[in-house]
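Engineer: Pasting in a structure now, in structure tokens, and then I'll have a few things to ask.
In the working numbering, the protein residues as written are 4 to 818.
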């Protein structure tokens, strides 16, 4: 027998025996089961949404403004108040033409900014993101380019920008479609993820001084793939930003959990990381107001993804409703409460002439697609999507960029009478942009209490981010409480703020401060802690868990000679009086890569033969490419050539390395190899060497210098004595993969070699050289001799030097 079950009220239902037919005068949700209620009976679900609300007047397309009429080839878009006047300005990244910056005039109109380098540079610009990376109080701009280096534009503070060319943000010039600012280690400075489609992604840690260091280890940067979109978000509410990366090419998306020590763990279990598709962008948002960030993923092919946060570190993929079944060719997405009823709605920008998707949140975990509104009526080659209240009326507006040398779309959101509250956050102990801050409000309507959550985030590609927290209140006439949870661990609460206004919240002074505030350092760093709480004590740990009352008591500066994660807490009478302060310090020896220009890329045009077969090889490197003062070289580091695939590990070779300062110039080495050797020739290593590499190399790089030769005798190199010659004799090999080398004629390096470790005449020469990282120290030995002691068959001139400032050298001969 057939059983029909109705879950929602309906009128006008006609049921025929053997067939179930519906005539719906009021759509509803039904379950239809064949075979009765018996366990295992097959079943079907029929979905029909409630009638859509009237959004026909919700948006007005603005056409008279140049911001929407300018012909462009738009990709990424981002709202941000770069001039600090209190309203949102707009940046549009364009392909094959200058990008666009529009300054908000404060009256609902925009003025196009001209005459500045950031809007004159022509590139394949695909992504843009505002963020105050130097914490000087004004927003800077990162522009990601395809086939070119990214542009980092520093805001001077007077409305102008200069390119920060010495920031350390360099990548292999491949395809780039995603980038986002986020302070992943909570040191108060914005770090940066840049996606590199078809290659490894780039994670840059902010050194707290206007420069960045590239992170080269860990799952975020270890795996090459078709990464397109990304978004930082604290999905487990532990106060630390996690990272989601959307992948195309049928590859699974990636979720990286923040370990709270500067590292990440890749999540490999769950639908959220096992739904392969053509994902393009993603946006975090708490659509069901349960306090946990959910995730929407826009896909170029097939249906889009919506993942509900279960509140326990896992996600459930939503499979019912048009929001996940409408298909389309989607690119960008943006959560926002467009009708200010207290529930996040969603807009999705679509490709190939498909109309854009608009979904209204029904407040019960479901969505209704809106087709009768200005946003849904437009169809183009839409890419970027950014929501922001540009005219300050408390209703979130929308900008959608279009590709194809056409105009983009600016939609003004028309007020409907619902109340609202906007929160602007200014960080102090946290990053100045407050990216990563969690903003919550509590309202009460009747006897029902409701919390809403917003998170402050950077634009991340084709999703425009959330620079402000805008809350719809519906008919609620009051807000009971505003709570801002800062990335530093501090919390600010404001009871009963006036509604329908903008509230600016500044982070209070930190209770505990570390100086320096994390970062990367050479050789060593001394960390000092201080608290603003009188009479309190500071307890800390290094590379361990959170401090307890019996942890190490801070009394004086903490000297770190190797990388460490510092955790500190202020205690009063044995009770914690501050959030846990966590700071990461990277301590590494000084190093330089020669030939210059290859530290961040793998050449692929030439190979070295270290460890491949017996040979003698002499590399010369121009003195001008090395530090211009005496250095003490401690290690030589090589890397695999990427074109030779997965390396052999744990291979052993027997080799001798000799270093000297030579008068020979690059590209002018003699085939008589002994003529190239300098008078201070020093055998720095002689013996068996284990050659181990961490894994497959990535074409285009950059790849790690993980083939290490620790010098048995450190070598003092003085650039004023000549160019650097490294003479390598390999006596026994294990058939290891080739090492990386350059092939540039103008790289100030060259080599000669022969396939005989004892050869005196070179058989081959070329204009390239092995790419080597020299690890060195500026701390010179108290005394050294040039040339080194040894037998000589001719008279020599002896130079005695000291690394001690102001030292006097006295000597005797045969005395």
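Note that the Cβ used here is the ideal one computed from N, Cα and C, for glycine as well.
(1) In the DSSP assignment, find the unbroken beta strand (DSSP E) run with residue 70 in it and report its ends.
(2) Rounded to the nearest angstrom, what separates residue 215 and residue 392 at their Cα positions?
(3) In chain order, what residues of the same chain have a beta carbon less than 8 Å from the beta carbon of residue 293, not counting five sequence neighbours either side?
(4) Which whole-angstrom value is the C-beta distance of residue 387 and residue 80, which I expect to be below 8 Å?
(5) Check each candidate in 415, 779, 501, 76 and name the one with the smallest Cα separation from residue 405.
(6) Look at residue 56 and residue 363 and say whether their C-beta atoms are less than 8 Å apart.
(7) Judging by CA-CA distance, which residue of 778, 156, 309, 107 is the nearest neighbour of residue 124?
(8) Since residue 225 is in the alpha helix (DSSP H), which residue starts that stretch and which ends it?
(9) Report, in whole angstroms, the separation of the C-beta atoms of residue 645 and residue 763, which I expect to be a contact under 8 Å.
(10) For residue 803, which beta-bridge partners are listed by DSSP?
(11) Can you list, in chain order, the residues of its chain with a C-beta nearer than 6 Å to that of residue 563? Leave out the 5 residues immediately preceding and following it.
(12) Under a Cβ-count criterion, where at least 16 other Cβ atoms within 10 Å of its own Cβ denotes burial, should residue 811 be classed as buried or exposed?
(13) Am I right that residue 657 and residue 734 are in contact with their C-beta atoms under 8 Å? What's the rounded C-beta distance?
(14) Comparing alpha-carbon positions, which option in 345, 561, 553 lies nearest residue 574?
(15) Going by DSSP in three states, residue 120 sits in which element: helix, strand or coil?
(16) Are the segment 130–143 and the segment 57–67 in contact at 8 Å, needing three or more beta carbon pairs?
(17) Could you have a look at residue 290 and say whether DSSP puts it in helix, strand or coil?
(18) On the DSSP letters alone, give me the boundaries of the alpha helix (DSSP H) that residue 378 sits inside.
(19) Going by DSSP in three states, residue 628 sits in which element: helix, strand or coil?
(20) Assign residue 43 to buried or exposed, taking buried as 16 or more other Cβ atoms, counted over all protein chains shown, within 10 Å of its Cβ.
(21) Taking 8 Å as the limit between beta carbons, can you name the residues of its chain near residue 815, skipping five residues before and five after?
(22) Can you give me the Cβ contacts of residue 805 inside the same chain, cut-off strictly under 7 Å, excluding the 5 residues immediately before and after it?
(23) Return yes when the Cβ of residue 545 is within less than 8 Å of the Cβ of residue 567, no when it is not.
(24) Short check: CB of residue 517 to CB of residue 431, under 8 Å?
(25) If you run the structure through DSSP and keep just helix, strand and coil, what is residue 363?
(26) Whose C-beta lies closer than 6 Å to the C-beta of residue 41 among residues of the same chain, with five residues either side of it excluded?
(27) In terms of residue numbering, what span does the beta strand (DSSP E) encompassing residue 584 cover?
(28) Please report how far the alpha carbon of residue 275 lies from the alpha carbon of residue 184, in whole angstroms.
(29) Give the single residue among 118, 130, 180, 499 whose Cα lies nearest to the Cα of residue 94.
(30) To the nearest angstrom, how far is it from the Cα of residue 210 to the Cα of residue 480?
(31) What is the DSSP secondary structure of residue 502, counted as helix, strand or coil?
(32) Under the assumption that residue 454 contacts residue 503 (Cβ atoms under 8 Å), give the Cβ distance between them as a whole number of angstroms.
(33) Cα-Cα, which of 559, 346, 378 is closest to residue 361?
(34) Work out the CA separation of residue 743 and residue 667 for me, nearest whole Å.
(35) On the three-state DSSP scale, how would you describe residue 434?
(36) In whole angstroms, give me the CA-to-CA distance for residue 36 and residue 306.
Structural biologist: In brief:
(1) That residue, residue 70, is in no beta strand (DSSP E); its alpha helix (DSSP H) goes 69–72.
(2) Cα atoms of residue 215 and residue 392: separation of roughly 32 Å, rounded to the nearest angstrom.
(3) Closer than 8 Å at Cβ, skipping near neighbours: 312, 314.
(4) 4 Å
(5) 76
(6) yes
(7) That would be 156, whose Cα lies nearest to the Cα of residue 124.
(8) 222–225
(9) About 33 Å separates the two Cβ atoms, so there is no contact after all.
(10) 788
(11) 528, 588, 590.
(12) Counting Cβ neighbours within 10 Å, residue 811 comes out exposed, since fewer than 16 surround it.
(13) 5 Å
(14) 553
(15) helix
(16) no
(17) Three-state result, residue 290: coil.
(18) 377–380
(19) helix
(20) The predicted position of residue 43 is uncertain, since its pLDDT is 38 and thus under 50; a value taken from the coordinates is nonetheless stated next. Exposed: under 16 other Cβ atoms inside 10 Å.
(21) None.
(22) The answer, listed in chain order, is 785, 786, 812.
(23) yes
(24) No; because the gap between Cβ atoms is not below 8 Å, this pair is not in contact.
(25) Looking at residue 363 - three-state DSSP - the assignment turns out to be strand.
(26) The pLDDT assigned to residue 41 is 37, lower than 50, so where the model puts this residue is not dependable, and the model offers no usable value.
(27) 584–591
(28) 22 Å
(29) 130
(30) When only Cα atoms are considered, residue 210 and residue 480 end up about 46 Å apart.
(31) coil
(32) With 8 Å as the limit, residue 454 and residue 503 do not qualify as a contact, their Cβ atoms being about 20 Å apart.
(33) 378
(34) About 23 Å.
(35) coil
(36) Only weak support exists for where residue 36 lies, its pLDDT of 36 falling under 50; the value from the coordinates is given anyway. Each residue's alpha carbon lies about 26 Å from the other.
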